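Just below is one structure, and these are the notes that go with it.
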Amino acid sequence: MRGVAKRFGSGIRALEAVDLDVGRGEFLGVLGPSGCGKTTLLRIIAGLSEPSTGIRRLSLETNREGYASAGRIGFVFQDPTLMPWSTVFDNVLLPFRLARQAGAVARERAAAEIRSVGLAGFERAYPRQLSGGMRMRVSIARALVTDPDLLLLDEPFAALDEITRMALNDDLMRLWDSRRPTVVFVTHSVFESVYLSTRIAVMTSRPGRIVADLPIELAQPRERALRTSPHYATLCATVSRHLAKAMAAGTR
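Take a look at the structure:
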């Protein structure tokens, strides 16, 4: 992204002069206060919204046989956005149904993805029968089922309790470590961003600008014990200072 800005018809300036590079296989955390344009940034990356000014370029892997090109990007929203009238299995299979590719291979992949997020045995359950964390697991499985090159997550764990959130952080790390898609993960939690990311982009208050680009040098795979380590605490303190400066800069 080069010089990307977004202004809505209402006059709201969501983004201003955003420059951002994301390398293949990175786990980029996007950190900023509520309302700073993080979701707008994700939507522009995904091609769901066009910038008012500036350039967005996206280069994905060559499309593989048997998958729709639209499936190269997976998007997980803050709300699981599941179809309440469909089972877990049918919700996960949805991208293939939309692409008219819901054959035997696709069904096998949906079943495998449900197992990968720890929901084996819940294939015939409906969203109303699941906890919030389980519904988010279904949403993640649906985003992963086409084996995307780029996975975009918009504060997916913000509404969950701390225990569930930590467990899903660990699950997401395990999935990323085994597959290595490019990930852009939006959050307003310093602790979550440091735990998950290989790099963090810090945004100002609206209009959002990226004012810090911080490498997170922690060993892979990430282990739960990391959260109590001195190095993790130091990194969290450093990122917190940059976030405080970014928020102050956004109010000027």
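Residue numbers (the working numbering): 1088 to 1339.
In this text, a Cβ means the ideal position worked out from N, Cα and C, and glycines have one as well.
Here the structure is a predicted model, which is why all the values come from computation and not from measurement.
{"Check": "Buried or exposed by the 16-neighbour rule on C-beta atoms within 10 Å, applied to residue 1192", "Outcome": "exposed"}
{"Check": "Residues of its chain near residue 1097, where Cβ-Cβ distance is below 6 Å and the 5 sequence neighbours each way are ignored", "Outcome": "none"}
{"Check": "Residue 1219 - containing alpha helix (DSSP H), residue span", "Outcome": "1219-1231"}
{"Check": "Spatially closest choice to residue 1325 from 1258, 1286, 1296 and 1311, by CA coordinates", "Outcome": "1286"}
{"Check": "Contact the region 1157-1168 vs the region 1230-1245: 3+ CB pairs below 8 Å", "Outcome": "yes"}
{"Check": "Nearest residue (CA-CA) to residue 1295, options 1121, 1313, 1302 and 1115", "Outcome": "1121"}
{"Check": "Reduced DSSP category for residue 1204 - H, G, I as helix; E, B as strand; rest coil", "Outcome": "coil"}
{"Check": "Spatially closest choice to residue 1229 from 1186, 1142, 1134 and 1180, by CA coordinates", "Outcome": "1180"}
{"Check": "Extent of the continuous beta strand (DSSP E) to which residue 1162 belongs", "Outcome": "1160-1163"}
{"Check": "As assigned by DSSP and simplified to three states, the class of residue 1320", "Outcome": "helix"}
{"Check": "Own chain, CB closer than 6 Å to residue 1302, minus 5 neighbours either side, in chain order", "Outcome": "1286"}
{"Check": "Residue 1203 classed as buried or exposed, judged by whether at least 16 other C-beta atoms fall within 10 angstroms", "Outcome": "buried"}
{"Check": "Residues that residue 1177 bridges to, as DSSP identifies them", "Outcome": "Paired residues: none, contrary to the question."}
{"Check": "Beta-carbon spacing of residue 1106, residue 1227 below 8 Å", "Outcome": "no"}
{"Check": "Boundaries (first-last residue) of the alpha helix (DSSP H) holding residue 1278", "Outcome": "1277-1283"}
{"Check": "Where residue 1106 falls: helix, strand or coil (DSSP)", "Outcome": "coil"}
{"Check": "Among 1275, 1305, 1283 and 1311, the one whose alpha carbon lies nearest that of residue 1331", "Outcome": "1275"}
{"Check": "Straight-line Cα distance separating residue 1182 from residue 1232", "Outcome": "8 Å"}
{"Check": "Buried or exposed by the 16-neighbour rule on C-beta atoms within 10 Å, applied to residue 1248", "Outcome": "exposed"}
{"Check": "Distance, residue 1292 Cα to residue 1320 Cα", "Outcome": "25 Å"}
{"Check": "Cutoff 7 Å; reference residue 1129; Cβ partners in own chain excluding five residues on either side", "Outcome": "1239, 1241, 1271 and 1273"}
{"Check": "Nearest residue (CA-CA) to residue 1281, options 1119, 1123 and 1092", "Outcome": "1119"}
{"Check": "Cα-Cα separation, residue 1112 to residue 1221", "Outcome": "26 Å"}
{"Check": "Those residues which DSSP pairs with residue 1274 across a bridge", "Outcome": "1118"}
{"Check": "For residue 1289, the residue or residues it bridges with in DSSP", "Outcome": "1118 and 1299"}
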